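Order-wise, the sequence lines are chains R and D.
If you read the first sequence in the numbering used here, its first letter stands for residue 926, the second for the next number, and so on.
If you read the second sequence in the numbering used here, its first letter stands for residue 2, the second for the next number, and so on.
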Amino acid sequence: MHLILFIVFAGLCLAGAINLLLQSHPMMSALSLIVVMISLAVIYLLLGAEFLAAAQVIVYAGAILVLFAFVVMLLNAGREERTLGSRVAQNVGFPAVTAILAVIATVILHSHGLGVARLSDGITSIDELGAVLFTKLLLPFEVTSVLILIAILGAVALASHSGSKTEERTGEE
Amino acid sequence: MTIWWFILWSVLKVAVVTVVMLLGVAYTVLLERKLVGRIQNRWGPNRVGPFGLLQPLVDGAKSFLKEDIIPTGVYRPLYLLAPVLALGCSLILIGVVPFGDPNVELHDFAKLYGSRIASLVPHGLYMFQISDVNVGLLVILGVTSIGVYGIALAGWSSNNKYSLLGALRSSAQLVSYELALGLSLVGVVLRAGSLNLNDIVNQQGTNGILSWNLFGGMQFVAFFIYLMAAYAETNRSPFDLPEAESELTGGYHTEYSSMKFAMFFMAEYGNMINVGCVATLLFLGGWTNPFGNLFGTSHNIFVQAIMPLCWFVLKVFSFLCLYVWVRGTLPRFRYDQLMNFGWRWLMPLAIVNIVATSLWLAYR
C-alpha cells in the first residue's frame, strides 16, 4: 500500500515538475507547482511526518503559491515565447547539469544512511517536534528566521526606495 | 472480514454525512433568507410548502434545469475545474470534525441485540466522526487555504475584468486574514497542548460552559479575532468584497450560470457551516453539554449517543444565526479599511493574545 501510494505520488510530483518547465503560460506553471507541493506533502505523510505534511500544504500550497497566482493575475501575464536559450547555455549548461546530477547520484548511492528514508512506525507528536526544534535545532532555526527577516527588510527597502522615486517624479511634474 | 466491516462502515458514514451536509447547506440558505427577511421587516420565502420549507429543493431543481452557458472566451479546463475545487474543499472538511461523542461505537448498540450479533460487529466502528486525525486542526487550515484556488481560478479563467478583480480581491483578502485566523487559534492549541480536535474538545468538557475556551479559557479575544477572520475567509458580509454586486456585478462568478453557479453558492454556505463547526469545537466546547454534570447523565444508551449530537447542532445553528444577523446589520467595508483592519489590528492583537495566554499558562 505504501509502495503504491509512493509510486503514484512520486510520479505525480515528477510529472508536475516537468510540466512546470514545459508550460509556456506562467499561470499553468504556478498550478503545476501546486501539484508538486501537494504530492510532496503526501510523501511526507507516508513517511509519518504528519505535521510537516500539513505545514507543507498550508505554507506552500496555501500561502506562497496563492501569492504566485496573485502576482500572475495582477500583472495579467500572457504566454511567453519559447526560446531555446543562448548557445552557451546549450553547449555548457546541459553537460554541466548532467555532471552535477551524476555526482549527486553517486554520492547518494555509495554512502549509507544518506538518501534512505525510514518509514516511521508511530507518529511524531507536536510536543516532541517542538522540544527538538527549540533545543537541538535551535541555532539553525534562529539562523533561518534571521535569514527570512533580512529578506523582508530587503523587500521593504527596495519597495520604499522605488516608491520615494515615483513620488519625487510626480512632485517635479 | 473485519476489514470489510471497516470499509463498508466508512463508505456508509461518508455517504450519510455528505447528504446531511448538503441538506444543511440548502437549509442554511433558507435560514438566511428567512432571517434577513425578518430583519428587514418582510416575510422571506413562504410560498413553497409550509413556511416556505420546500424552497431549497425547488431552487435546486431550478438551477439544474437552467441553460448551462460556457462563454467562448474562457479557458475551459480551469473554468470547469474551479467550481468543483471550491465545492470539494468545502465538503471535505466535515471529515475530520467530531460532531458527536466520538467514543460511541456501533458495538455498543449491537450489544443490545444479544451477544451473537455483538460478536459479529467488531470494535472500533465509531459513529460520530469520519476520521480522527492527529493534526486535525492543521488539516482544517490546509483545506481552507486550498479552497481559495476555486475562487482565484474561476476569476482568472473567466477572461472577464470583473471576475478577475473579484479573484484578485479574494486572494489578497484570504492571504491577509488567514494569518490572523491561524494566530488566533494558537491560544486554544496552547491550552489543549494538542492539535487533535478530540483533545481540544475533551479539555473543555469538564465543567460545562465554565470550561469552554471562550469563557473559562479566557480566549474571548481569540474568539473575536477568529470571528472577524472567518467572515473574511468565507467572503461573507461585511467582508464580501470579492462579489460586491454594486461594484463588480457578481465578482468571480459573473460568467458562471446554472449548476456551476449553484456550486459556488453551495461552497460558500458549506464554508459557513464549516466555520461554525470549527468555532464550536475550538471555543464553544464542541459536543459537550454546556451544563456539565449539573443534571446528571442518562443511562439510556440512545440518549447518551444523541444528546452530544444535538448540542453540537444547536451550537453550530446559533453560530449560523450570528452570521446572518451580522450580514443583515453591517454595511460592506471599503477595500483599504479591510486591509488596514486585518494587518494593523487583528494581527498584532492575535500576537498579544498568544503572549498573554503563554504567560498565563506558565505562571498560573
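For each residue, glycine too, the CB sits at the ideal point set by N, CA and C.
Quick caveat, the model's predicted, so the values are computed rather than measured.
Could you tell me whether the Cβ of residue 146 (chain D) comes closer than 7 Å to any Cβ of chain R? Yes, because at least one Cβ of chain R sits closer than 7 Å to the Cβ of residue 146 (chain D).
Residue 57 (chain D) versus residue 323 (chain D): straight-line alpha-carbon distance, rounded: 21 Å
So, residue 288 (chain D) versus residue 102 (chain D), is the Cβ gap smaller than 7 Å? yes
Between residue 128 (chain D) and residue 16 (chain D), how many whole angstroms is the CB-CB distance? I'm expecting something under 8 Å. Actually they do not touch by this definition, with Cβ atoms about 14 Å apart.
Neighbour list for residue 999 (chain R) in chain D, Cβ cutoff strictly below 7 Å: 169
For a test of the three-state rule: what should DSSP assign to residue 127 (chain D), helix, strand or coil? strand
Please report the Cβ distance between residue 181 (chain D) and residue 230 (chain D), rounded to the nearest whole angstrom; I am assuming they are in contact, meaning their Cβ atoms lie under 8 Å. With 8 Å as the limit, residue 181 (chain D) and residue 230 (chain D) qualify as a contact, their Cβ atoms being about 5 Å apart.
How close, in whole Å, do the beta carbons of residue 252 (chain D) and residue 26 (chain D) come, if the pair is a contact with beta carbons under 8 Å? That pair is no contact at about 20 Å.
So, using beta-carbon positions, are residue 329 (chain D) and residue 40 (chain D) closer together than 7 Å? Taking 7 Å as the cut-off, the beta carbon of residue 329 (chain D) is found closer than this to the beta carbon of residue 40 (chain D).
Chain D within 7 Å of residue 989 (chain R), Cβ atoms only: For residue 989 (chain R), no CB of chain D lies under 7 Å from its own CB, so it is not counted at the interface with that chain.
Counting beta carbon pairs with one atom in the region 135-152 of chain D and one in the region 81-88 of chain D, are three or more of them shorter than 8 Å? Remark: three or more beta-carbon pairs, one from each stretch, lie closer than 8 Å, so the region 81-88 of chain D and the region 135-152 of chain D are flagged as touching.
Extent of the continuous alpha helix (DSSP H) to which residue 1020 (chain R) belongs: 1019-1035
Closest Cβ-Cβ distance between residue 994 (chain R) and chain D: below 7 Å? Closer than 7 Å to some Cβ of chain D, the Cβ of residue 994 (chain R) qualifies, so yes.
Taking the continuous alpha helix (DSSP H) assigned at residue 358 (chain D), which residues delimit it? 348-364
When you compare each of D:54, D:48, D:23, D:266 to residue 32 (chain D) by their alpha carbons, which one comes out closest? D:54
Please return the same chain residues whose Cβ sits closer than 7 Å to the Cβ of residue 339 (chain D), not counting the five positions on each side in sequence. 174, 240, 242
CB contact below 7 Å: residue 940 (chain R) versus chain D: no
Quick check: the Cα distance between residue 156 (chain D) and residue 953 (chain R), rounded to an integer number of angstroms? 15 Å
Secondary structure at residue 1006 (chain R), three-state DSSP: helix, strand or coil? coil
So, with DSSP's three-state summary, where would you put residue 106 (chain D)? strand
Given a cut-off of 7 Å, decide if residue 931 (chain R) and residue 964 (chain R) are closer than it, judged by their beta-carbon atoms. no
Residue 983 (chain R) at chain B interface by Cβ criterion, 7 Å: Looking at the structure shown, chain B is missing, and the protein chains on hand are R and D.
Express the C-alpha separation of residue 321 (chain D) and residue 300 (chain D) in angstroms, rounding to a whole number. 32 Å
Who are the neighbours of residue 975 (chain R) on chain D, taking C-beta pairs under 7 Å? 135, 136
Can you name the start and end residues of the alpha helix (DSSP H) that residue 1059 (chain R) belongs to? 1051-1059
Got a sec: is the Cβ-Cβ distance from residue 1014 (chain R) to anything in chain D below 7 Å? no
Using a Cβ cut-off of 8 Å, pull out every chain R residue sitting near residue 179 (chain D), in sequence order please. 987, 988
Buried or exposed, going by whether 16 or more other CB atoms sit within 10 Å of the CB of residue 975 (chain R)? buried
With burial defined as no fewer than 16 other Cβ atoms inside 10 Å of the residue's Cβ, what is the status of residue 316 (chain D): buried or exposed? buried
Which of the three DSSP states, helix, strand or coil, is assigned to residue 979 (chain R)? helix
Counting only Cβ-Cβ distances shorter than 9 Å, please list the residues of the region 297-327 of chain D near chain R, keeping chain order. none
Evaluate contact between the region 955-970 of chain R and the region 980-998 of chain R, counting only Cβ atoms and requiring at least three cross-stretch pairs below 8 Å. yes
If you compare alpha carbons, which of D:262, D:184, D:198 is closest to residue 225 (chain D)? Closest option to residue 225 (chain D), Cα to Cα, is D:184.
Residue 237 (chain D), buried or exposed, once every other Cβ within 10 Å from all chains shown has been counted against 16: buried
Residues of chain D with CB under 7 Å from residue 952 (chain R), in chain order? 157
How would you write the range of the alpha helix (DSSP H) that residue 11 (chain D) sits in, first residue to last? Unbroken alpha helix (DSSP H) run through residue 11 (chain D): 3-40.
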